[in-house]
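One structure is given below, encoded as structure tokens.
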Amino acid sequence: MNNQRGFTGISFPFRFDGRGGVATSTTSINDFSHIEESIKQIVLTSIKERVMELEFGSNVRDHLFSMTDDETDIAILKFHIREAIEKFEKRVEIEDINILKDETEVGEGTWIVEIKFKVIRYLKNSVVRFKLK
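For the record, in the sequence shown the residue sitting at position 39 is 331 according to my numbering, with numbers rising by one throughout.
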């Protein structure tokens, strides 16, 4: 929902607030938490995972088990992340995407994604960072 303060929507991950209602987050000129949550939700949701929105999400998880440190694998993953965000998050322009192997996790298959973006409405840059497992 777009209002005078910014954008408001259901928080991700879904949770309840202290009063028992659904937790929401709002985007303002100094707080882009709602947009950051939206980006995470797009990347972490597999295509066809949502029953009523089969096109929503990305196919990033399809590539996780075959991922290596190879530049080609990382470039493919970056392409799919960018493609999904550009399709479903019209409030931002992607500046850069970095993908790093998470050396703190035991075992393989955990990656850290860092997405630098500009919020078009405010012409301000921000970064969202999260793990892909």
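Quick reminder that beta carbons are idealized off the backbone N, C-alpha and C, glycines included.
The model shown is predicted, which means the values in this text are computed figures rather than measured ones.
Under the DSSP assignment, phenylalanine 380 falls in the alpha helix (DSSP H) whose first and last residues are 363-380. Assignment of beta-bridge partners to aspartate 388 by DSSP yields Lys408.
Take histidine 355, set aside five residues on each side of it, and the residues of its chain with a beta-carbon closer than 6 Å to its own are Leu369, in chain order. Collapsing the DSSP output to three states places isoleucine 339 in coil. Taking C-beta separations shorter than 7 Å and ignoring five residues to either side along the sequence, the partners of glutamate 385 in its chain run Phe409, Lys410, Ile412, following chain order. For isoleucine 407 and arginine 307, the gap between their C-alpha atoms comes out near 24 Å. Shown here, arginine 421 sits in a strand according to DSSP, grouped into three states.
In the DSSP assignment, leucine 346 falls outside any alpha helix (DSSP H) and carries neither an H nor an E. Excluding five sequence positions before and after valine 314, the CB atoms of its chain that fall closer than 7 Å to its own CB belong to Ile302, Phe308, given in chain order.
If you draw a straight line from the Cα of serine 418 to the Cα of glutamate 341, it comes to about 28 Å.
When Asn351, Met344, Val343 are compared, the shortest CA-CA separation from isoleucine 334 is found for Asn351. Under the DSSP assignment, aspartate 354 falls in the alpha helix (DSSP H) whose first and last residues are 353-356.
DSSP places serine 325 within a helical segment (H, G or I) once states are collapsed to three.
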